[in-house]
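In the numbering used here, the protein residues as written are 1 to 93. Ideal placement from N, C-alpha and C gives every residue a C-beta, glycine not left out. Remember, predicted model here, so these are calculated numbers, not experimental data. Shown next, in structure tokens, is the structure this report addresses.
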Amino acid sequence: MGWLSRLFGSSNNEKKQEVEPVEYKGYLIYADSIAEGGQFRVAGRITSGEGDALKTHQFIRSDVLGSKESANELMLKKAQMYIDQTGESIFDQ
Numbered sequence: 001m002g003w004l005s006r007l008f009g010s011s012n013n014e015k016k017q018e019v020e021p022v023e024y025k026g027y028l029i030y031a032d033s034i035a036e037g038g039q040f041r042v043a044g045r046i047t048s049g050e051g052d053a054l055k056t057h058q059f060i061r062s063d064v065l066g067s068k069e070s071a072n073e074l075m076l077k078k079a080q081m082y083i084d085q086t087g088e089s090i091f092d093q
């Protein structure tokens, strides 16, 4: 029956790792790169506020790097630069 679980994408061995945020100027940055073809795409989200006032901006960049750690480090730098350049307007849609 294990092959059926794998076929439909559910496995007891699969556990989504919880991403630890980095606080920057009142925002929380979650670096969560995406595995893609043996490399990792720079991706993550920026949040502000709590509860009903929680605002989230999620983004995926075109940058692809050889390791998850490198992709997450670059995401953090890009997110900090984005916050510096746009501030609260990050969440305008």
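Cα-Cα separation between residue i and residue j, rounded to whole angstroms
{"i": "glutamate 23", "j": "leucine 54", "result": "15 Å"}
{"i": "glutamate 20", "j": "glycine 37", "result": "25 Å"}
{"i": "threonine 107", "j": "alanine 79", "result": "With the chain covering 1 to 93 only, the question about residue 107 has no answer from this structure."}
{"i": "aspartate 63", "j": "valine 42", "result": "6 Å"}
{"i": "lysine 77", "j": "arginine 61", "result": "12 Å"}
{"i": "serine 33", "j": "glycine 44", "result": "7 Å"}
{"i": "glycine 51", "j": "serine 67", "result": "33 Å"}
{"i": "glutamate 18", "j": "isoleucine 46", "result": "15 Å"}
Distance CB(residue i)-CB(residue j) smaller than 9 Å
{"i": "phenylalanine 40", "j": "serine 70", "result": "yes"}
{"i": "methionine 81", "j": "isoleucine 29", "result": "no"}
{"i": "serine 48", "j": "glutamate 73", "result": "no"}
Residue closest to residue i, alpha-carbon to alpha-carbon, out of the options
{"i": "tyrosine 27", "options": "His57, Ala43, Ser67, Arg61", "result": "His57"}
{"i": "leucine 65", "options": "Ala35, Gly49, Glu18", "result": "Ala35"}
{"i": "isoleucine 83", "options": "Lys68, Ser67, Phe59", "result": "Phe59"}
Backbone secondary structure at residue i - three-state DSSP
{"i": "lysine 25", "result": "coil"}
{"i": "aspartate 63", "result": "strand"}
{"i": "glycine 44", "result": "strand"}
{"i": "phenylalanine 91", "result": "helix"}
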